[in-house]
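Worksheet: one structure, shown below.
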């Protein structure tokens, strides 16, 4: 029903008798009849209406308005219309209303929550429009409570998960966005942090999130069916809600527990008091979920992994918060599941750096960002440099020079180690051959190159080595390939065949970091190995010469004797002092490598060492 009577004549209250003579004199009988009709329509209209003068005072109200507000229509006269329908509660509505009263605006409409005289609330759509040719305005009010209730029910269905009846992903992000937009309230100087925030007297400006998923939930669905899985999700939702409600720091609004999808849940903590509150909540969730669930005869146990994030809301976006939560949940899974993990900015920065390196590693080989340095391998008997180990460095345009431990693991994971390893092998062999050409009268140096197991599996290493040796002219016995002990000792099938073929070719095979992996000595007699490189942990045990550990020396001596009996030579890594070198020489170790002799240096520096006085042994 329209809120504005039609026609040029304006409704006027029956109580206003002063205008009757003038109206009678100015109108014909037909016009007087129309006027009476409009007045009658105004009084009996089902739409609540009131006439308001330019000062905002009610001149007349119909019975429908009285019934809507729970009072007599006559009692509404001479009251401020703005007070009746709460038009002054916000500045924008008040300004629009005043503009209509002053004739500067044609109309406006707003929605208000009104109070009935019996105390119940109702929702009303309020329209204010000027009366044509009159200084008064018409206020019409439509009860939209039923429509609002229907909208609320539809919104509840739209914003809640049907299985757990928890808020869903859409409502969660809506609440999160609102929480990040709401500013923190200042605390009075005399209020302590604990008393002020713990009892909900204000906002802290901080926000927390426990983001979790169930460990092994897919197995429940696969073995017991989705109906049991849904019952489990509903039971988990109940326990999460209990944990959130029992949090001693909860403000009046409570924490929001939501199901984000699948077996993923989130607990949003607005106005958090710090990481302790969030970690306490995470512990309580893990404890609650450890208790078995009884589901229609099925007794199930479940655990969860939880990522915990707590930070200031200022400068934080919903996207950033969820990225941090997702990353931390991944850490909790990777660390063993059934645990909570707190977001660590330093760990995250390392992860971001790792991702950046991974994305740029492959093109870096083509762009010439890698370079090789060489560390001397010294004969412990006479101090002569017998060979060098090639060590790769990445001159990253963003992160600067990077040692191998920063990117070799990444290269092995994404497979780029094959291309990088081939480049290292070719560059090292070219350099060894160049030294040989530049110093033809000196004993040539062998070059030792590290090889990853993935290079053996994902490429034809034998063909690569044969081709590079032919290309560079380097003799096979001047190339040494190093593999870690765990890789060599576990070799079988294709890797073992490749190692045997390389050994038959004349290439030397060395076991790197010996003593830290399987240490299955029986393999040594069956593998085509020619060199053992003792892990630095053995050598570091020789540093304290005044309080030498006899057991360390006995172990190293036994390994050296065993290697020699098998026809192998032994290289000691991480030699840093003359005392260590002396003890290793006495034990019978063949070569040493470490800072006592030299750090990894450029090819030019190695060239300077060739033919010079022996290094201190």
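In our numbering, the protein residues as written are 193 to 809.
For each residue, glycine too, the CB sits at the ideal point set by N, CA and C.
Remember, predicted model here, so these are calculated numbers, not experimental data.
Between the alpha carbons of residue 271 and residue 339 lies a gap of roughly 29 Å.
DSSP, reduced to helix, strand and coil, places residue 529 outside both helices and strands of the structure shown, so it counts as coil. For the options 466, 307, 655, the alpha carbon positioned closest to that of residue 397 is the one of 466. Cβ-Cβ separation between residue 728 and residue 756: approximately 21 Å, too far for a contact (criterion under 8 Å). The count of Cβ pairs closer than 8 Å, one atom from the region 472 to 491 and one from the region 331 to 346, stays below three, leaving the stretches out of contact.
The straight-line gap separating the alpha-carbon atoms of residue 446 and residue 437 is approximately 7 Å. In this chain, the alpha helix (DSSP H) harbouring residue 350 covers 337 to 351.
A buried status is given to residue 725, since no fewer than 16 other beta-carbon atoms sit within 10 Å of its beta-carbon. At a Cβ-Cβ threshold of 9 Å, residue 698 and residue 667 count as neighbours.
Per DSSP, the beta-bridge partners of residue 567 are 581.
The Cβ atoms of residue 342 and residue 304 lie no closer than 9 Å to each other. Separation of the CB atoms of residue 331 and residue 244 is rounded to 5 Å, and the pair is thereby assigned contact status at 8 Å. Secondary structure of residue 705 (DSSP, three-state): strand. The beta carbons of residue 639 and residue 691 sit no closer together than 9 Å. Annotation: residue 603 is outside any beta strand (DSSP E); the continuous alpha helix (DSSP H) that includes it extends over 600 to 606. Cβ-Cβ distances below 7 Å link residue 260 to 240, 333, 335 in the same chain, with the five nearest sequence neighbours on each side left out; the list follows chain order.
Where residue 550 is concerned, the enclosing alpha helix (DSSP H) starts and stops at 537 to 558.
A residue is called buried when at least 16 other Cβ atoms come within 10 angstroms of its Cβ; residue 294 does not meet this threshold and is exposed.
Here DSSP, grouped into helix, strand and coil, assigns residue 591 to coil.
Per DSSP, reduced to three states, the secondary structure at residue 491 is strand. A straight line joining the alpha-carbon of residue 235 with that of residue 357 spans about 47 Å. Taking C-alpha positions only, residue 625 is separated from residue 615 by approximately 15 Å.
Cβ contact annotation for residue 459 (same chain, cutoff 6 Å, sequence separation greater than five): 402, 436, 447, 449, in chain order. In this structure, DSSP gives residue 300 an extended state, which the three-state scheme calls strand.
With a 10 Å radius around the Cβ and a threshold of 16 neighbouring Cβ atoms, residue 405 comes out buried.
Cβ neighbours of residue 274 within its own chain (closer than 8 Å, five residues either side excluded): 248, 280, 286, 289. Annotation: the continuous beta strand (DSSP E) that includes residue 400 extends over 398 to 407.
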